[in-house]
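Peer 1:
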Amino acid sequence: MSRIENLAKAVVDVGGGFISDKYSAVSEVYGIVERDNKPEFVQILKIRGSRADPHRHSIYSNEVIGSGTTRILGVKESYAHVKSLLKRQALSGMDILSIQDHNVVDADKERREFETKNEMYEGKTFMSCEYDVMVPGQKSVHVGVWGLDYPFQENVRITQKDVRGLHYKLSRAKARGVDNFRKVCDQEGLIAVLNHPTWITTPKNPLSGEDLDKVSDVFDYLEINGDCQKENLFTLELALEKGKTLVAGSDLHNLRLSKVFTETIRPVNNAAEFLRAVRDGEVAIGNISSLPSVADSPIDVLRSNFNGTRLDMYNDIYRGIGNYLLRDWKNKRKLVTVATFGALMGGGYLLYAPLMVLPVLATAWLMFTFPIKYGFSEKAAVAERTHRLYMDYQDFKLRKNIQSMNGMDEEEVHERTQMLEEIVKQKKEQFINTHFRSPRRPWEAVAETLFPKELKPDYDFSKRIEGLDEQQ
């Protein structure tokens, strides 16, 4: 067992700043260790491992986006071509590249062709898939399965045909629940990650606290999601509580630069070694640049993590609008939308070119401003409600445990319950209100609030390591 595994139940990378030169960037890694049955945060080491952003959707994620406006318009999950998406990951500073489409593996062929034509990335990409796995009550959770082409922890990549066969088996298993799905993943030697645990369903139909408790027990990996903000802190809390390994993915549905990444403790040479490091738990999580706040203006939200200039941002937006207008004309929702615009403008006015700018501008605003703004707000609402339901369920379990204790009268049970309620209340305030008042720099906020000052980067951790080794 490595020293890292001895030291850390979970590893958190709190490095920040945009990576202009990926080979000179260094991450500060903090570990959670136990002393006297209490968690302590210490800096383990500074690393420059190998980075990957495994949660990126390509044009093959062709389901209609779920938010109200985009669903009416018939906007698909992604219009990003596979090769462009892989190149954009490399531009973001990723060493290992990946595609994770929704319930399909159709991008596998183009991903392999990309490797063939780009020798420097030969063996440095892997195929993933995000599955809708059923839970009781007609709900589903998103589970990212990493390394479909590298099962069983081997260095030999399986064929495209075998990947499809594996995908077929997982597609059948997802309808039979999370336990069955995890069993199949274990049988095939695959990494199964519970994606964005705090944002799974809608505010009107959230996952219950009991369901989230059970589902998070099933999977060994929880995802820090780049499309969420302070919601990620609940995921961190959940991982620490249950001893899970944290990984990170941007969950991007376009060609923006990667937001967050999963980094190995030590550099790796290829995708197979990266996946082995994940299986061994020798990974950290980190972010490339600050995330937009819900309170930001729409233009700030749009500019977040594009190439860096307003012109580049506009180019990406125009590319997205162009893909929407020029592709997928079998989409009934899109046909209805265009017909509606035509009816509003009137048949005669459609011949007058300047007036056509109005529906185009309206479409652009609806597609790229309101949905993003609404999406952030919706996710925050879901995360808050999910967190509350989960904490209430934990409180309920503690009450039941107390009441089942022998030799306790009703007054003792009442006093213990009040104490637990106060603890739960303080915990909510601590994690929701205090830890994340600055959502622009999520990992810096975590470092400033969770890590004691004496355990900051200037802390002499060599003595701490020696002390832990002596104890063990």
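The numbering of the sequence shown is my numbering, which starts it at 4 and goes up by one. Yeah, the Cβ is synthetic: ideal placement off N, Cα and C, and Gly gets one too. Predicted, not measured: the structure shown is a model, and the values here were computed from it.
Take the Cβ of Y171 as the centre, count every other Cβ of all protein chains shown within 10 Å, and call the residue buried at 16 or more, exposed below.
Peer 2: Your numbering for residue 171 matches position 168 in the sequence shown. It counts as exposed.
Peer 1: From this set, N106, T265, P209, which residue's C-alpha is nearest D135's C-alpha?
Peer 2: Here residue 135 is taken as the residue at index 132 of the sequence shown, counted from 1. Closest by alpha carbon: N106.
Peer 1: My understanding is that S103 touches S131, with C-beta atoms under 8 Å, so please give their C-beta distance in whole angstroms.
Peer 2: One-based indexing of the sequence shown puts residue 103 at position 100. One-based indexing of the sequence shown puts residue 131 at position 128. Strictly speaking, residue 103 in this sequence is Gln, with Ser absent from that position. So it is a contact: roughly 4 Å between Cβ atoms.
Peer 1: Verify whether the separation of the beta carbon atoms of S61 and V85 is less than 9 Å.
Peer 2: Position 58 of the sequence shown, counting from 1, holds the residue named residue 61. Position 82 of the sequence shown, counting from 1, holds the residue named residue 85. Yes, the pair counts as a contact, with Cβ atoms nearer than the cut-off.
Peer 1: The alpha helix (DSSP H) that contains K142, what's its start and end?
Peer 2: Working through the sequence shown from its first residue, we reach residue 142 at position 139. Premise fails: K142 lies in the beta strand (DSSP E), 142 to 149, not in any alpha helix (DSSP H).
Peer 1: Quick one, are the C-beta atoms of K177 and M123 less than 9 Å apart?
Peer 2: Here residue 177 corresponds to residue number 174 of the sequence shown, with the count starting at 1. Here residue 123 corresponds to residue number 120 of the sequence shown, with the count starting at 1. No, these two residues do not count as a Cβ contact at 9 Å.
Peer 1: Is it buried or exposed, F264, if we count other Cβ atoms within 10 angstroms and call 16 or more buried?
Peer 2: As a first step, residue 264 must be located in the sequence shown, where it is residue number 261. Buried is the call here.
Peer 1: Using a Cβ-Cβ cutoff of less than 8 Å, which residues in the same chain neighbour K112 once the five nearest sequence positions on both sides are dropped?
Peer 2: In the sequence shown, the residue the question calls residue 112 occupies position 109. Q163.
Peer 1: Report the rounded CA-to-CA distance for K120 versus T128, giving the unit in angstroms.
Peer 2: Within the sequence shown, residue 120 is the residue found at index 117, counting from 1. Within the sequence shown, residue 128 is the residue found at index 125, counting from 1. For K120 and T128, the distance between alpha carbons rounds to 13 Å.
Peer 1: In terms of residues, what are the limits of the beta strand (DSSP E) holding S131?
Peer 2: Taking the sequence shown and counting its residues from 1, one reaches residue 131 at position 128. It spans 128 to 138 - the beta strand (DSSP E) in which S131 sits, taken as one unbroken run.
Peer 1: Does the beta carbon of L89 sit closer than 9 Å to a beta carbon anywhere in chain D?
Peer 2: The displayed structure is made up of one protein chain only, and chain D is not part of it.
Peer 1: With 16 as the cutoff for other CB atoms within 10 Å, does V286 come out buried or exposed?
Peer 2: Taking the first residue of the sequence shown as 1, we reach residue 286 at position 283. Classification for V286: buried.
Peer 1: Keeping to the same chain, check which residues put their C-beta closer than 6 Å to that of N436; ignore five residues upstream and five downstream.
Peer 2: Here the question's residue 436 lines up with position 433 in the sequence shown. Reliability of the predicted coordinates at N436 is poor, the pLDDT of 47 falling under 50, and no value is obtained from them.
Peer 1: Which residue wins for smallest C-alpha separation from N158, given the options A55, H58, L278, Y396?
Peer 2: Along the sequence shown, one-based indexing puts residue 158 at 155. Here the closest residue by C-alpha is L278.
Peer 1: What distance in whole Å lies between the Cβ atoms of S253 and D56, which are believed to be in contact at a cut-off of 8 Å?
Peer 2: Translated into positions along the sequence shown, residue 56 becomes position 53. Translated into positions along the sequence shown, residue 253 becomes position 250. Between S253 and D56 the Cβ distance is about 5 Å, and since that is below 8 Å, they are a contact.
Peer 1: Starting from the C-beta of N65, find all residues in its chain whose C-beta is less than 7 Å away, skip the five residues before and the five after it, and write them out in chain order.
Peer 2: The residue given as residue 65 occupies position 62 in the sequence shown. The answer, listed in chain order, is K79, E80.
Peer 1: For G252, list the residues DSSP reports as bridge partners.
Peer 2: The residue labelled residue 252 in the question sits at position 249 within the sequence shown. Paired residue(s): N228.
Peer 1: Pull up the distance between the alpha-carbon of V181 and that of V144, whole angstroms please.
Peer 2: Residue 181 sits at position 178 when you count from the first residue of the sequence shown. Residue 144 sits at position 141 when you count from the first residue of the sequence shown. About 9 Å.
Peer 1: Considering only DSSP beta bridges, list what Y59 is partnered with.
Peer 2: Here residue 59 corresponds to residue number 56 of the sequence shown, with the count starting at 1. Residue identity differs from the one stated: residue 59 is Arg in this sequence, not Tyr. In the DSSP output, where bridge partners are listed per residue, R59 has L255.
Peer 1: Would DSSP call F222 helix, strand or coil?
Peer 2: Taking the first residue of the sequence shown as position 1, residue 222 is located at position 219. In the structure shown, F222 sits in coil (DSSP, three-state: anything other than H, G, I, E or B).
Peer 1: Are L197 and F237 close, meaning C-beta to C-beta below 9 Å?
Peer 2: Along the sequence shown, read from residue 1 onward, the residue named residue 197 stands at position 194. Along the sequence shown, read from residue 1 onward, the residue named residue 237 stands at position 234. Not a contact, by the Cβ cut-off of 9 Å.
Peer 1: Below 9 Å between beta carbons: does that hold for Y224 and K247?
Peer 2: Taking the first residue of the sequence shown as position 1, residue 224 is located at position 221. Taking the first residue of the sequence shown as position 1, residue 247 is located at position 244. Going by C-beta atoms, Y224 is nearer than 9 Å to K247.
Peer 1: If G126 and A274 are in contact, beta carbons under 8 Å, what's the gap, nearest whole angstrom?
Peer 2: Position 123 of the sequence shown holds residue 126. Position 271 of the sequence shown holds residue 274. Correct: roughly 6 Å between the Cβ atoms.
Peer 1: Could you tell me the alpha carbon to alpha carbon distance between L255 and Y396, rounded to whole angstroms?
Peer 2: As a position in the sequence shown, residue 255 is number 252, starting the count at 1. As a position in the sequence shown, residue 396 is number 393, starting the count at 1. Distance between the alpha carbons of L255 and Y396: 32 Å.
Peer 1: Alpha carbon to alpha carbon, what distance is there between V281 and A83?
Peer 2: As a position in the sequence shown, residue 83 is number 80, starting the count at 1. As a position in the sequence shown, residue 281 is number 278, starting the count at 1. Looking at the two C-alpha atoms, the distance is approximately 27 Å.
Peer 1: Smallest Cα separation from I194: which of L215, V250, R115?
Peer 2: Here residue 194 refers to the residue found at position 191 when the sequence shown is read from its first residue. When only C-alpha atoms are compared, the closest one is V250.
Peer 1: Taking buried to mean at least 16 other C-beta atoms within 10 Å of its own C-beta, is P209 buried or exposed?
Peer 2: Position 206 of the sequence shown, counted from the start, is the residue given in the question as residue 209. Classification for P209: buried.
Peer 1: To the nearest whole angstrom, what separates the beta carbons of F184 and V218, a pair I think is in contact under 8 Å?
Peer 2: As a first step, residue 184 must be located in the sequence shown, where it is residue number 181. As a first step, residue 218 must be located in the sequence shown, where it is residue number 215. With 8 Å as the limit, F184 and V218 do not qualify as a contact, their Cβ atoms being about 11 Å apart.
Peer 1: Identify which residue in G229, D109, L88 has its Cα closest to the Cα of L151.
Peer 2: Residue numbering aside, residue 151 sits at position 148 when the sequence shown is read from its first letter. Ranking the options by Cα distance to L151, first place goes to D109.
Peer 1: Mind reading off the beta-carbon distance from Y393 to G212? Whole number of angstroms is fine, and I expect it under 8 Å.
Peer 2: In the sequence shown, residue 393 corresponds to position 390, counting from 1. In the sequence shown, residue 212 corresponds to position 209, counting from 1. Going by Cβ atoms, the distance from Y393 to G212 rounds to 4 Å, so yes, they are a contact pair.
Peer 1: Between which two residues does the alpha helix (DSSP H) carrying A275 extend?
Peer 2: Mapped onto the sequence shown, residue 275 falls at position 272. Per DSSP, A275 belongs to the alpha helix (DSSP H) from 274 to 282.
Peer 1: If we ignore side chains and look at the alpha-carbon of each, how far apart do L89 and A242 end up?
Peer 2: As a first step, residue 89 must be located in the sequence shown, where it is residue number 86. As a first step, residue 242 must be located in the sequence shown, where it is residue number 239. Taking the straight line joining both Cα atoms gives about 29 Å.
Peer 1: Give the straight-line distance between the Cα atoms of R59 and E418, rounded to the nearest whole angstrom.
Peer 2: Residue mapping note: residue 59 aligns to position 56 of the sequence shown, counting from 1. Residue mapping note: residue 418 aligns to position 415 of the sequence shown, counting from 1. Rounded to whole angstroms, R59 to E418 spans 50 Å at the Cα level.
Peer 1: According to DSSP, is D109 helix, strand or coil?
Peer 2: To locate residue 109, count along the sequence shown from 1; it is residue 106. Coil at D109, not helix or strand.
Peer 1: From R391, Q421, E133, E414, pick the residue whose C-alpha is nearest to that of D216; which is it?
Peer 2: Position 213 of the sequence shown holds residue 216. Residue R391 is the option with its Cα nearest to D216.
Peer 1: Candidates M422, G284, P270, I288: which alpha carbon is nearest G52's?
Peer 2: To locate residue 52, count along the sequence shown from 1; it is residue 49. Checking every option, the nearest Cα to that of G52 belongs to P270.
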